[in-house]
Amino acid sequence: MSGTANGREIGTFKNFIAGAWVPAASGRTFENRNPSNRDEVIGHFASSDSVDVAAAVGAAAEAYETWGKGSAIARANILHKAANILEGRIPEIGRELAWEEGKTLKEGIGETTRAVQILRYYAGEAQQPTGEHYPSMNPATLLYTVREPLGVCGIVTPWNFPIAIPAWKIAPALAFGNTVVFKPASATPLCAVRLVEALADAGLPAGVLNLVTGSAGAVGDPLVQDSRVVAISFTGSNEVGGELRKSAAARGAKLQLELGGKNPAIVLADADMNHALMHVINGAMMSTGQKCTATSRAIVDRHVADEFTEKLAARVSAIRVGDPLDPDSMMGPLIDDRAADRVAGEVEAARKSGVQLLFGGERLSGEDRERGAFVSPAVFANVDRNSRLAQEELFGPVLGVIPVDGLDEAIDVANKVRFGLSASIFTRDLATALTFAQRIETGIVHVNSETAGAEPHVPFGGYKGSSSYSREQGKAAREFFTQTKTVYIDLPPA
Ligand code: NAP
1 MSGTANGREI GTFKNFIAGA WVPAASGRTF ENRNPSNRDE VIGHFASSDS
51 VDVAAAVGAA AEAYETWGKG SAIARANILH KAANILEGRI PEIGRELAWE
101 EGKTLKEGIG ETTRAVQILR YYAGEAQQPT GEHYPSMNPA TLLYTVREPL
151 GVCGIVTPWN FPIAIPAWKI APALAFGNTV VFKPASATPL CAVRLVEALA
201 DAGLPAGVLN LVTGSAGAVG DPLVQDSRVV AISFTGSNEV GGELRKSAAA
251 RGAKLQLELG GKNPAIVLAD ADMNHALMHV INGAMMSTGQ KCTATSRAIV
301 DRHVADEFTE KLAARVSAIR VGDPLDPDSM MGPLIDDRAA DRVAGEVEAA
351 RKSGVQLLFG GERLSGEDRE RGAFVSPAVF ANVDRNSRLA QEELFGPVLG
401 VIPVDGLDEA IDVANKVRFG LSASIFTRDL ATALTFAQRI ETGIVHVNSE
451 TAGAEPHVPF GGYKGSSSYS REQGKAAREF FTQTKTVYID LPPA
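FYI, the numbering used here numbers position 146 of the sequence shown as 146, with every residue one higher than the one before it.
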């Protein structure tokens with residue numbers, strides 16, 4: 001397929017159904033534009049609908065008959081090969097990712113590298129034991145369990161990690177013998193095409209992985225409602241996750257939801273302030289604050305809150321916002337103008353309500369930024385723990401400092417939100433760190449590092465409203481993408 005991230009070439013991209021790149025049945029396409037420059041079209045993508053979804057699900061159902069019963073070692077070999085292919089394309093795809101999504105080139109390269117690591121990890125996982133052998137009450141009985149695939153899985157992903165999240169859902173789904181219909185976010189279809197190309201080029205049999213691009217209503221809805229799709233793995237907003245919870249439960253599909261966050265970083269009086277500042281700023285502002293694990297609340301001991309806030313505002317105001325393909329840019333645009341207007345509006349509303357805005361939150365122009373979805377990173381001081389700023393996910397480069405009196409209040413503030421994805425604490429005291437790790441209500445806990453760090457070989461997911469209790473990545477993915485069969489074997493009477 002054509003199209004490279006030099007910012008000038010435009011390609012037309014198709015769906016991948018039953019092993020072939022095909023246009024939408026309707027022949028329609030949609031445009032994808034560069035968030036740094038809305039005049040620049042990245043590509044045209046298949047604008048699919050229920051007809052294409054039905055074809056993709058049909059192909060996945062047919063392919064499951066052989067893929068699901070086939071050799072796990074053969075599956076591992078394909079994932080290994082796909083990892084090697086993708087690895088060879090990292091510079092080019094990392095650049096396309098930055099171009100399409102708006103995170104910096106360094107982050108785009110890093111995320112593509114992460115996708116390679118994930119493919120490789122699940123190639124290894126495919127070769128791990130698939131069950132357990134148990135003693136039986138009858139000593140002559142052979143009693144064991146085996147984990148078997150589910151069938152056709154629907155994978156629905158957001159735009160903010162446009163290659164890593166699809167990789168960490170699709171790789172385990174395939175490794176454990178499922179077939180997949182993949183609906184990527186409409187804002188980042190190019191990265192989805194690149195991931196599928198690597199897997200297709202690695203020799204994945206026809207129908208095992210199908211890509212259908214298009215809108216939530218025209219593609220997402222029919223996919224999650226198709227009775228042949230036995231499991232749905234979704235990452236995205238709480239609003240859409242809530243809808244899927246009802247519709248998937250109603251038809252008995254297995255459902256995995258990875259949703260939003262309102263992640264706190266606690267900075268105690270004994271913390272190394274420079275270290276804490278660096279991690280809080282990186283956690284809040286990298287990827288333009290558009291990470292589910294982004295730090296959006298700095299909960300700071302009152303003894304050091306003024307000094308911390310002053311230094312924080314000074315450093316945040318020095319962040320250079322611009323074209324993510326420019327190596328000097330430290331922060332790129334938001335995903336689109338709507339998101340930029342929304343974030344700027346939230347900052348303005350908070351300011352008008354009396355919250356102390358120290359810096360940022362404005363739509364930026366000048367220095368070639370007037371055509372893009374650029375917003376300056378924002379810092380608020382003395383934020384009320386119950387305010388909208390402290391409770392709701394704004395999904396942008398906005399950080400509120402909440403002063404507290406010591407560890408107990410800090411943990412109480414950290415926990416009193418509906419989310420529970422990730423949290424961090426900065427302290428030199430081991431007992432404090434352990435107390436925090438025990439009492440914090442999040443699925444991911446960091447001590448002296450940013451909320452957004454996550455490694456691919458360990459479970460990932462949130463408490464409370466941030467997930468549906470299931471976990472992704474590492475060995476946890478096997479739980480979702482397989483089901484257990486318990487087998488009793490007795491010899492017939494002699
Ligand atoms: P979103 O609007 O919920 O969309 C996510 C995906 O669902 C997109 O592919 C979207 O398609 C599709 N979709 C929307 N409505 C649907 C429906 N009714 N049926 C089926 N599919 C539907 O979320 P987003 O704006 O892309 O992502 C941002 C959110 O994701 C944030 O809340 C963030 O915290 C969360 N997130 C969570 C994690 C995690 O692991 N916990 C990781 C990353 C992001 P279209 O693109 O075509 O609309």
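For glycine and all other residues, C-beta sits at the position ideal for the given N, C-alpha and C.
The model shown is predicted, which means the values in this text are computed figures rather than measured ones.
What residue range does the alpha helix (DSSP H) around residue i cover?
i	result
Asn274	Met273 to Met285
Glu65	Ser50 to Trp67
Phe16	Element bounds for Phe16: not the alpha helix (DSSP H) but the beta strand (DSSP E), Asn15 to Ile17.
Lys81	Ala72 to Gly88
Gln438	Leu430 to Arg439
Leu389	Arg388 to Gln391
Glu479	Ala476 to Phe481
Residue i and residue j: beta carbons closer than 9 Å?
i	j	result
Gly220	Pro397	no
Ile85	Ala265	no
Arg478	Pro403	no
Gly207	Ala63	yes
Gly177	Pro149	yes
Val156	Thr235	yes
Val375	Glu362	yes
Phe503	Ile163	There is simply no residue 503 to check, as the chain begins at 1 and stops at 494 in what is shown.
Ala61	Gly154	no
Ala373	Ile335	yes
Leu190	Phe13	yes
Ala554	Ala175	It is not possible to answer for residue 554, since the shown part of the chain is limited to 1 through 494.
Met331	Val321	yes
Ala185	Trp168	no
Leu259	Ser237	yes
Leu502	Val22	The structure shown does not extend to residue 502, since the chain spans only 1 to 494, so no value can be given for it.
Ile109	Arg120	no
Ile440	Ile411	yes
Gly203	Ile78	yes
Ala437	Phe460	no
Ser215	Phe16	no
Val379	Ala313	yes
Glu393	Gly261	yes
Phe509	Pro377	Missing from the structure shown is residue 509; the chain here goes from 1 to 494 and no further.
Where does the unbroken beta strand (DSSP E) through residue i begin, and where does it stop?
i	result
Leu142	Leu142 to Pro149
Pro264	Asn263 to Val267
Phe426	Ser422 to Phe426
Lys169	Taken as a continuous stretch (DSSP letters only), Lys169 belongs to no beta strand (DSSP E), being part of the alpha helix (DSSP H) at Ala164 to Ala175.
Val447	Ile444 to Val447
Val152	Val152 to Val156
Asp39	Asn37 to Ala46
Ile402	Val398 to Val404
Glu510	For the chain, the structure presents residues 1 to 494; residue 510 sits outside this window and is missing.
Ala298	Thr295 to Asp301
Ala20	Ala20 to Val22
Glu507	No answer is possible for residue 507: it lies beyond the span of the chain, which begins at 1 and ends at 494.
Leu257	Lys254 to Glu258
Would you please verify whether the beta carbon of residue i is less than 9 Å from any beta carbon of chain C?
i	result
Thr309	No chain C appears in the structure shown, which is made up of a single protein chain.
**Request:** Evaluate contact between the segment 462-482 and the segment 416-436, counting only Cβ atoms and requiring at least three cross-stretch pairs below 8 Å.
**Result:** Because the criterion of three Cβ pairs below 8 Å is met, the segment 462-482 and the segment 416-436 touch.
**Message:** Suppose only complete runs of 4+ residues qualify. What are the alpha helix (DSSP H) ranges in the segment 179-247, listed by chain order?
**Reply:** The qualifying runs are 189-201 and 221-225.
**Item:** beta strand (DSSP E) segments (min. 3 residues) lying fully within the segment 313-383
**Value:** Correct list: 356-359 and 378-381.
**Message:** Between the segment 99-108 and the segment 319-326, can you find at least three pairs of beta-carbon atoms closer than 8 Å?
**Reply:** Because the criterion of three Cβ pairs below 8 Å is met, the segment 319-326 and the segment 99-108 touch.
**Stretch-stretch touch, CB-based, cutoff 8 Å, three pairs: the segment 141-148 with the segment 30-41** = Two segments are said to touch when three or more pairs of C-beta atoms, one from each, lie closer than 8 Å; by this definition the segment 141-148 does not touch the segment 30-41.
**Asked** Is the segment 381-400 touching the segment 279-286, taking contact as three or more C-beta pairs under 8 Å?
**Response** Judged by Cβ distances under 8 Å, the segment 381-400 makes contact with the segment 279-286, as three or more pairs qualify.
**Prompt:** Does the segment 338-350 come close enough to the segment 295-310 that 3 or more CB-CB pairs lie under 8 Å?
**Reply:** Three or more beta-carbon pairs separated by less than 8 Å are not found between the segment 295-310 and the segment 338-350, which leaves the two stretches without contact.
**Prompt:** With a cut-off of 8 Å, do at least 3 Cβ pairs link the segment 124-134 to the segment 40-53?
**Reply:** Touching, no, given that fewer than three Cβ pairs across the two stretches are closer than 8 Å.
**Asked** What are the uninterrupted segments assigned as alpha helix (DSSP H) that are 4 or more residues long and contained completely in the segment 99-130, given in chain order?
**Response** Look at the segment 99-130 and you find these whole runs of alpha helix (DSSP H), each 4 residues long or longer: 105-125.
**Asked** Is there contact here, the segment 424-433 with the segment 265-274, by at least three beta-carbon pairs under 8 Å?
**Response** In short, these stretches touch, since the Cβ pair count reaches three.
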